[in-house]
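To start, the structure itself, in C-alpha cells.
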Amino acid sequence: MTVAPKREDYDVVVIGAGPAGLAAAATSAEAGLSTLLLDENIGPGGQVFRAISSTPVTDRNQLGADYWVGADLVQALRASNAEVIHRATVWSLDRNLDIAVSIGGASAFVKAKRVILATGALERPFPIPGWTLPGVMTAGAAQTMLKSSALVPDGRTVIAGQGPLLWLLAAQILRLGGRIDRILDTTERGNYFAALPHAFAFLTSPYFAKGLSMMREVKAKVQVVSGVTELAASGDGQLAGVSYVAGGKRDTIPADLLLLHQGVVPNVNLAMSAGIEHRWDDLQLCWSPVLDASCGSSVAGIAIAGDGAGIGGANAAVVRGRIAARAAVEALAPAAAAKLAPMATLRSDLAKAERGRLFLDTLFRPAPQFRIPSGDTIVCRCEEVTAKDVLDSVAIGATGPNQLKAYRRTGMGPCQGRLCGLTVTELMAQARGKTPQEIGYYRLRAPVKPITLAELAAVPKSEADVKAVVRG
Amino acid sequence: MFRRSEQDKRPQVQIFVDGVAVAARQGDTVSAALLASGVDARRSTAVSGAPRLPYCMMGVCFDCLVTIDGVGNRQGCLVPVAEGMQVEIQKGKREIGR
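Taken in sequence, the protein lines are chains L and R.
Residue numbering for the first sequence is 1 to 472, as defined by the working numbering.
Residue numbering for the second sequence is 1001 to 1098, as defined by the working numbering.
Put into C-alpha cells, the structure is as follows:
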C-alpha cells in the first residue's frame, strides 16, 4: 500500500489535498508540468471536502451542495497526470525546495522547482477551563466523524462558540438524526455594530442566504443561548457539565459531549519552518504569510494557496490554488500558460469569492476572554502548562514564546505549538504590554511532525554526511 | 457519545482493542472506530497521567495517540482500521522498543 514518489525531481510539488491543493495540482498537471501531490489524509478533500470519495453519507442534501463541489475537483485531478500520494506526511521543506516526506514509516526525498503549500487551516485554540477533559472536542472533529464515518452525537450534546462552521455542523448533525441539547453562542454583542459597515458586501455574497436559512433550520430545533460571556467544562476524568454566563446569569447544564469552535486559523508550521515571513493579522487574530498577488511567499519558489494564506474559505482556496499553479506554469513553461484561465480572470474570481469576508471576520472576531485564558486553565495541552504558569514565567523574565520553552516546555510536545501557539503569543503580549507582532511566535523547525529516530537513522547518507558527525 | 447513522452501509472490519474484539467499518480511522464503539478509549498523558480522548480528529492535537500493532504514539485519527488490527489504549508515554 505504501508508495514512494516515482521520481526524485518534479516541476511542482503541492502539499495538501484540500480545495487549494486539488485545484493547484490539477492545473499544474494539465499544463504539462510534472506534478506531485502529497497529502497526510487517507483520501482527498482536506477538511472541508473530507472523505469526498468515500463518505457513507449518501443522501446529498444532508452534507449540502457546497460539499459535493469537492467531487468535481477530485475528478479534475484524477483526469490529470498528477501523481498523488496519500498518508504522506511532509516533515521538512527548506529554501532549496528539498522536501522530506514520511510514507508508511519510511522517509523519501524529492526536489521541486516550485512548491505550492496548501496545508490549510486548523481550528483556533479555545482554551476554557476543562477543555482537555475527555468529551470536549472541536466542532470540526465532530464534522470529520460525520463526513467520514456517518457518526453523530447521541448523548447530551452542547455546541459552544461562534462562526459559520458551527451552524453548518449543527444543521448536518440534525439532518443525520443526531442530538444537540443546546447551542451557546459566544459572538460578542459589540461585533454586530462593528460589522455593520461591511454588511452590504456580505448581503450580496452567496453566503448570506445560505447562512440565514441554516441558522433558521437549527434554531427551529435547538435551544440557542446568545451573548455567552463565560464558558467552562467540568467533570472528574470525563466531561459531566458545561457552565456558562449569558446576560449576567450563570447556568450549568449536564453534558456528555461539548463541541467547541471559534473560527479557523492558518496552519503555519510547515511554511514557517521553511523560513517564510509571516505577519500578525489583527483582524483575523492569527499569523498570515506575506504573499504577492500570485500567492508567492518570501522564499523564492514557494507559494501558499488556500486558508494557509489567510482565511478565505473553500471557494477562495480553489481560486488561490489555480493562481499559484498558473504562476508556476508561467515561470516554468510559459507557452503552456496560454491553455489556462488568464490571471485577470482568476483574480476577479478571487475577489468574488472573498466578498463578505470582512463582515464575517469582524462579526466572528473571538472575544478576548475566550482567547486569553487565566489561572489554572491549560494553555499548552501537550505539556500541561497553565495560564498562571505562563504569567509566572513572564514575571521572572521570559520575554517571548521561544524563551518560554526553556521555562515551561510550552510548544515542545508532539503538537509542536499548534494548539497553544496563538494563546501563548497573545497571553505574553498582554502580560508584557506589547503587540503580538512584537512578541512573535515559536521558531519552528523540521521535523514539523514527529518521526521516529529509527526512520531518521534509516535515511540514506553520503560519506560526507557520516564524516560530519563521526569522530576520528 | 457518538452513534452510527443507519444509512452507513460500509462493510464491517474487526479490530481488537486491548485484546477485545470491536466492530469497526471499512474507512473508519482508528480514533473514529474507538469513539463509535463505546469502549473506554481514554489514554493517559505522558506528563501528569490525565485522561484524554481525541480533540481535533484532524492530525493536529495528538490527543488520539494509541499503540497500533505494537507501535506506540500513532495518531489514531490518521490511521485507517484494518482487519485484525491490534489497538492498545496508551497509558502514559511510549515505551522503549514499542
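Beta carbons: idealized from backbone N, C-alpha and C, even for Gly.
Note that the structure is a prediction, hence the values are computed from the model and not measured.
Minimum Cβ-Cβ distance from L:ILE276 to chain R less than 8 Å: no
Partner residues on chain L for R:GLY1084, Cβ-Cβ distance less than 7 Å: Within chain L, no residue comes near R:GLY1084; the closest Cβ sits about 15 Å away, beyond 7 Å.
Nearest residue (CA-CA) to R:ALA1046, options L:GLY413, L:SER348 and L:ARG432: L:GLY413
Residue burial classification, L:MET1 (beta-carbon count within 10 angstroms, cutoff 16): Caution is warranted here: a pLDDT of 47 is assigned to L:MET1, below 50, making its placement in the model unreliable, and the coordinate value is therefore given only provisionally. Flag for L:MET1 reads exposed.
L:ARG87 versus L:GLY104 - alpha carbon distance: 7 Å
Contact check, L:LEU340 vs L:THR27, beta carbons under 8 Å: yes
Nearest residue (CA-CA) to L:ALA324, options L:ARG50, L:MET214 and L:ALA31: L:ALA31
Members of the region 1055 to 1069 of chain R near chain L, C-beta cut-off 9 Å: TYR1055, CYS1056, MET1057, MET1058, GLY1059, VAL1060, CYS1061, PHE1062, ASP1063 and LEU1065
Straight-line Cα distance separating R:ARG1025 from L:VAL264: 30 Å
Which of helix, strand or coil DSSP assigns to L:GLN238: coil
Cβ neighbour criterion (16 or more within 10 Å) applied to L:SER149: buried
Beta-carbon proximity list for R:GLY1084, same chain, < 8 Å, skipping 5 on both sides: GLN1014, ILE1015 and PHE1016
Uninterrupted alpha helix (DSSP H) stretches inside the region 1002 to 1079 of chain R (no shorter than 4 residues): 1030 to 1037
Proximal residues of chain L, C-beta to C-beta of R:GLN1007 below 7 Å: PRO56, VAL57, THR58, ASP59 and ALA150
Residues of the region 398 to 421 of chain L whose Cβ lies closer than 8 Å to any Cβ of chain R, in chain order: GLY413, PRO414, CYS415, ARG418 and LEU419
Near-chain R residues of the region 452 to 472 of chain L (beta-carbon distance less than 9 Å), N- to C-terminal order: THR452
Contact list for L:GLU384 against chain R, beta-carbon separation under 9 Å: THR1045, VAL1047, SER1048 and ALA1050
DSSP beta-bridge partners of L:PHE109: L:ALA100
Integer-rounded CB distance, given that L:SER226 should sit under 8 Å from L:PRO185: For the sequence presented, residue 185 of chain L should be read as Asp rather than Pro. With 8 Å as the limit, L:ASP185 and L:SER226 qualify as a contact, their Cβ atoms being about 4 Å apart.
8 Å Cβ cutoff, R:ASP1018 in contact with chain L: no
CB of L:VAL110 within 8 Å of CB of L:TYR10, strictly: yes
Where the beta strand (DSSP E) through L:ARG182 begins and ends: 182 to 185
DSSP beta-bridge partners of L:CYS380: L:VAL385
Nearest-angstrom beta carbon gap, L:GLN416 and L:ASN267 [assumed within contact, 8 Å]: Not confirmed; about 11 Å, so no contact.
C-alpha distance - R:ASP1040 paired with R:LEU1053, whole-angstrom precision: 9 Å
R:LEU1035 to R:GLY1027 span [Cα, whole Å]: 14 Å
Contact set for R:MET1001: own chain, Cβ-Cβ below 7 Å, skip 5 residues either direction: LEU1035
L:SER28 - containing alpha helix (DSSP H), residue span: 19 to 30
Proximal chain R residues relative to L:ALA137, where beta-carbon distance stays under 8 Å: The amino acid occupying residue 137 of chain L in the given sequence is Met; Ala does not appear at that position. Result: LEU1053, PRO1054, TYR1055, CYS1056 and MET1057.
Distance, L:ALA457 Cα to L:VAL3 Cα: 20 Å
Chain-order list of residues whose beta-carbon lies under 8 Å from that of L:GLY440 (same chain, five-residue window excluded): GLY400, PRO401, ASN402 and THR425
Distance, L:THR187 Cα to L:ALA233 Cα: 18 Å
CB-CB length for L:ALA171 against L:GLU123, believed under 8 Å: The Cβ separation is near 18 Å, so there is no contact.
Residue(s) in a DSSP beta bridge with L:ARG250: L:VAL245
Residue range of the unbroken beta strand (DSSP E) whose run includes L:ASP11: 9 to 15
Rounded Cβ spacing between L:ARG322 and L:ALA24 (contact assumed at less than 8 Å): 7 Å
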